[in-house]
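Below is one structure, written out as structure tokens, with a few remarks after it.
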Amino acid sequence: MLSMTGFGKAEGTYHSIRFTVEVKSVNSRYLDVVTVIPRKVAFLENPIRDYLTKRLKRGKILFILNLTGDTGEISYFQLNEKLLRNLLDLKSILKEKFDVEGTLTVTDILSREDVVELMDTAVEEEALAKAILNTTDTALAHLEAMQRQEGEYLKEQFERDLQSMSREIDKIDSIRQINLDQHVTAMEERVAKLMNQYTLDEARMYQEIALLADKLDVSEEIQRFKSHLLQFKAYLNEQDSVGKRCNFLLQEMHREVNTLGNKVANADISQRVVEIKNRIEIIREQVQNIQ
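In my numbering, the protein residues as written are 13 to 303.
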């Protein structure tokens, strides 16, 4: 079982270019990939996004690529001399004809993208992409290792909470029949008193008792809840993405125990139902963070 929270980092080289890949992941209902890639290697956007989409299943993913070293192999700046001369001539005209004072600094010139142009070098895009994707694969391995470690921690928490709920539902199961018998006996005594005082249809009275017993019987809810517990435990040992399935099971478990609590009229059982609901909510919060 994997958590959706994790971080992976790896470094690589391509000729004299050094680069660092960082991949961060947090919980999300779906897969949401955000990439931060230098403009000079914008051609890598789609290959990287496709690669991440194939490798990852859920989570909000932030991919960051940093380039260092001799990035001149990828791009370089080129001075547009014709446009610079035109700009300097324009400065002279403004001063001579219109008496406009001012200086034109190197910083002013370098800030103009039309004068100082960023040019692409004839780099082997496929080779560079392959090198960066290989490094991305290493970063993802580190990310997955962290997610697996966090997943194991969550699994241990889930198992403790499931064990707690299992004890509570077993206790409810052990006293449900006693609770049912007590209510039926009390109803029979009340019916007997009424029949001594009034002329009543005895068959109809016992039919009502049978209906009451059926309403108070929670054996089906208990069995379904136990079945959901077993299924949840099985999911914890799967390697596939189970977050959504676990969340669905928790909804079903809550529905069953809520019905159970509404049907019984017993303080002890009601208290145990509250404890189970509390455990379900604790697990539900944590389940949002597993794949």
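All C-beta atoms in this analysis are idealised placements derived from N, C-alpha and C, irrespective of residue type, glycine included.
Source: prediction; values computed, not measured.
Are the beta-carbon atoms of residue i and residue j separated by less than 9 Å?
{"i": "L174", "j": "F237", "result": "no"}
{"i": "V35", "j": "K21", "result": "yes"}
{"i": "L79", "j": "V127", "result": "no"}
{"i": "L155", "j": "F19", "result": "yes"}
{"i": "L272", "j": "E297", "result": "no"}
{"i": "M177", "j": "I49", "result": "no"}
{"i": "E129", "j": "F170", "result": "no"}
{"i": "K183", "j": "R284", "result": "yes"}
{"i": "L152", "j": "L68", "result": "yes"}
{"i": "L140", "j": "I60", "result": "no"}
{"i": "K239", "j": "D185", "result": "Residue identity check: residue 239 is Ser in the sequence provided, not Lys. Against a cut-off of 9 Å, the Cβ pair of D185 and S239 comes out as no contact."}
{"i": "N278", "j": "N191", "result": "yes"}
{"i": "E162", "j": "T17", "result": "yes"}
{"i": "F260", "j": "E137", "result": "no"}
{"i": "G114", "j": "L102", "result": "no"}
How would you write the range of the beta strand (DSSP E) that residue i sits in, first residue to last?
{"i": "K69", "result": "That residue, K69, is in no beta strand (DSSP E); it is neither H nor E in DSSP."}
{"i": "T117", "result": "From DSSP, T117 is part of no beta strand (DSSP E); its letter is neither H nor E."}
{"i": "I29", "result": "29–38"}
{"i": "Y26", "result": "18–26"}
Which of helix, strand or coil does DSSP assign to residue i?
{"i": "N58", "result": "helix"}
{"i": "L14", "result": "coil"}
{"i": "D44", "result": "strand"}
{"i": "E108", "result": "helix"}
{"i": "Q90", "result": "strand"}
{"i": "E113", "result": "coil"}
{"i": "N125", "result": "Asn is not the amino acid found at residue 125; the sequence shown has Glu there. Coil at E125, not helix or strand."}
How close, in whole Å, do the beta carbons of residue i and residue j come, if the pair is a contact with beta carbons under 8 Å?
{"i": "L262", "j": "V299", "result": "6 Å"}
{"i": "I288", "j": "V269", "result": "5 Å"}
{"i": "E117", "j": "G24", "result": "Strictly speaking, residue 117 in this sequence is Thr, with Glu absent from that position. So it is not a contact: roughly 39 Å between Cβ atoms."}
{"i": "Q159", "j": "L14", "result": "4 Å"}
{"i": "I302", "j": "L166", "result": "6 Å"}
{"i": "I187", "j": "D280", "result": "7 Å"}
{"i": "L64", "j": "F31", "result": "Not a contact, Cβ separation roughly 16 Å."}
{"i": "L241", "j": "V276", "result": "Not really, about 19 Å apart at Cβ, beyond 8 Å."}
For residue i, report the span of its alpha helix (DSSP H) as first-last.
{"i": "V286", "result": "279–299"}
{"i": "V269", "result": "255–275"}
{"i": "K52", "result": "No alpha helix (DSSP H) holds K52; DSSP gives it neither H nor E."}
{"i": "E233", "result": "231–248"}
Indicate whether the contact test is met: 3 or more Cβ pairs, each with one atom in the segment 25–40 and one in the segment 61–80, closer than 8 Å. The segment 25–40 makes contact with the segment 61–80; the number of CB pairs closer than 8 Å reaches 3 or more.
Contact the segment 58–72 vs the segment 39–49: 3+ CB pairs below 8 Å: Touching, per the Cβ criterion.
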